[in-house]
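J.:
There are 2 protein chains.
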Amino acid sequence: MSGDDNEAAAVRTTAPGRRDILEAAATAFTRGGYTATTIDDIAREMGATKGRVYHYYRAKADVFLDIVTTGMQELIDGVQPIAGNTDLDPATRLWRMAHHHAGLMMTRNSFQRVAMRAVEMRRLGEAPAQQQALETVVAMRDRYEQLFADVIDEGRQAGVFRDVDSRLATKPLLGALNWISLWYDPQRGDYNTRQRVADEYADFILGGLRRSPR
Amino acid sequence: MSGDDNEAAAVRTTAPGRRDILEAAATAFTRGGYTATTIDDIAREMGATKGRVYHYYRAKADVFLDIVTTGMQELIDGVQPIAGNTDLDPATRLWRMAHHHAGLMMTRNSFQRVAMRAVEMRRLGEAPAQQQALETVVAMRDRYEQLFADVIDEGRQAGVFRDVDSRLATKPLLGALNWISLWYDPQRGDYNTRQRVADEYADFILGGLRRSPR
DNA sequence: GTCTATATGTGGATAGAC
DNA sequence: GTCTATCCACATATAGAC
Chain S
664 MSGDDNEAAA VRTTAPGRRD ILEAAATAFT RGGYTATTID DIAREMGATK
714 GRVYHYYRAK ADVFLDIVTT GMQELIDGVQ PIAGNTDLDP ATRLWRMAHH
764 HAGLMMTRNS FQRVAMRAVE MRRLGEAPAQ QQALETVVAM RDRYEQLFAD
814 VIDEGRQAGV FRDVDSRLAT KPLLGALNWI SLWYDPQRGD YNTRQRVADE
864 YADFILGGLR RSPR
Chain A
664 MSGDDNEAAA VRTTAPGRRD ILEAAATAFT RGGYTATTID DIAREMGATK
714 GRVYHYYRAK ADVFLDIVTT GMQELIDGVQ PIAGNTDLDP ATRLWRMAHH
764 HAGLMMTRNS FQRVAMRAVE MRRLGEAPAQ QQALETVVAM RDRYEQLFAD
814 VIDEGRQAGV FRDVDSRLAT KPLLGALNWI SLWYDPQRGD YNTRQRVADE
864 YADFILGGLR RSPR
């Protein structure tokens, strides 16, 4: 199998001032994690000082949450249309969903890596508003997982997938895919490498779910 | 498939004083990450104050590194014997390796979750000794990955696995498995749940690599 | 061996000049 | 809109009592 292209994606609805900050912050957070990254790090990343950052954002947590929701939204925007395309059989849909997700882990590496870490955080700070924002992100993640679970159920009922607990089955699937953001180095990979990786992952996942492996 | 038991594992060669600290610190780091966790958090976790921690460890980074190397060593100790057991065919060996790894992600959740995060850290601090220790851990991880790559190559040459790049193939495999440490809640799972999860993961992975999926 | 100070550095956030 | 200067809270690590 092969195909599906998301290299052009990267929706940008954010205002230019904030956008620069988000890009710089995503890079900085990728290097050091949330607490280890300072506002000075973020500012230095874009050749400015923290006055600039605080002009657009009230707190460090707000910058972080903006990156995370952006990352999650990019996943949903890309994958939901594939999941809902009933012209395609479940196996093909799942293959393309996995392929697209894999692609975003590489082309939007910094945002996705930061987003990935956010859902494993229980608390972000004391501010209840930020806590609520974090829970919104977790809710987005849950809905996103359900997209995969639904397609798996469909394929299971159609007899092409094994008889798995669809909700449990999303764990190795998305775990494998999300892991890409940790080892993939955006500096080194080119278009062909990314396609090869995404193909391999999509094949691996379909194989893992297909009925009667022998 | 079913079987293989690592519930009894958890090797303890560490001195009792340090052991308590390691357990408490692993729990604390699991909650908040490296920078977010304070020495006071660790001390409070075991009902003490930081004087106790600093009596056994010179620095926070040293506590962290001790957890990480312990976690990595537990993986190697459990999986290497399976990988080297040439009485078994490659597919069975890989199934059991994956199953055992999955088990450790759950039974030794805090240590494994901390260890997992360490390898994605580029730098730990300024001290060159600690930096070197971190690189030792990364080297352990590389050797560990190679155990899986070798078995995959064997199975590929034997014709039971697809024609994959074995080194690339370890990525979705170990990514899926390591991810368990993020979503599994040690408070809620019992023995049967863990077995079921490990079985599902091992099946998934074998399916993903097996030749002629249809 | 474990505790309570405390010295010291650093980072989030604000005020206000330009 | 972007900067510098500064306040203040907190965390690592040490000193020294018990």
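Chains as they are written, first to last, in our numbering: chain S, 664 to 877; chain A, 664 to 877. Heads up, the beta-carbon is just placed ideally off N, CA and C, and yes, glycines get one too.
Please state the DSSP three-state secondary structure of R721/A.
T.: Here R721/A sits in coil by DSSP.
J.: Determine the chain S residues that contact L880/A at a beta-carbon separation under 9 Å, and present them in chain order.
T.: Chain A is shown from 664 up to 877; residue 880/A falls before or after that span and cannot be answered.
J.: With distances taken Cα to Cα, identify the nearest neighbour of R682/S among L757/S, Y847/S, I705/S.
T.: Nearest C-alpha to R682/S: I705/S.
J.: Under 8 Å between the Cβ atoms of S895/S and T690/S?
T.: Residue 895/S is absent from the model: chain S starts at 664 and stops at 877.
J.: In or out: S844/S buried (at least 16 other Cβ within 10 Å) or exposed?
T.: S844/S should be labelled buried.
J.: To the nearest angstrom, how far is it from the Cα of T799/A to the Cα of A790/A?
T.: Their backbone Cα atoms lie some 15 Å apart in a straight line.
J.: Thinking L919/S and I815/S are a contact (beta carbons under 8 Å), I'd like their distance in whole angstroms, please.
T.: In the structure as shown, chain S begins at 664 and stops at 877. Residue 919/S is therefore absent and cannot be evaluated.
J.: Using a C-beta to C-beta distance shorter than 9 Å, which residues of chain S count as neighbours of V827/A?
T.: What V827/A touches in chain S: E863, D866, F867.
J.: At what residue ranges does the segment 692-719 of chain S contain a whole run of the alpha helix (DSSP H), taking only runs of 4 or more?
T.: Runs of the alpha helix (DSSP H) inside the segment 692-719 of chain S: 702-708, 713-719.
J.: Along chain A, in chain order, which residues have C-beta atoms closer than 8 Å to that of E783/S?
T.: Those are L845, listed as they occur along chain A.
J.: Report the residue from P753/A, T856/A, A865/A whose alpha carbon sits nearest the alpha carbon of L837/A.
T.: Nearest of P753/A, T856/A, A865/A to L837/A, Cα basis: A865/A.
J.: What would DSSP say about R874/S, mapped onto helix, strand or coil?
T.: Three-state DSSP puts R874/S in coil, outside helix and strand.
J.: Find out if the Cβ-Cβ distance for the pair V777/S, I739/S is shorter than 8 Å.
T.: Cβ atoms of V777/S and I739/S: not closer than 8 Å.
J.: Please list the partners that N841/A has in chain S, where partner means a Cβ-to-Cβ separation under 8 Å.
T.: Residues of chain S passing the Cβ test: G838, W842.
J.: Rounded to whole angstroms, what is the Cα-Cα separation between L872/S and G695/S?
T.: Spanning the two alpha carbons is a distance of roughly 36 Å.
J.: Using 10 angstroms around the beta-carbon of P744/A, count the other beta-carbons present and answer buried if the total reaches 16, otherwise exposed.
T.: Flag for P744/A reads exposed.
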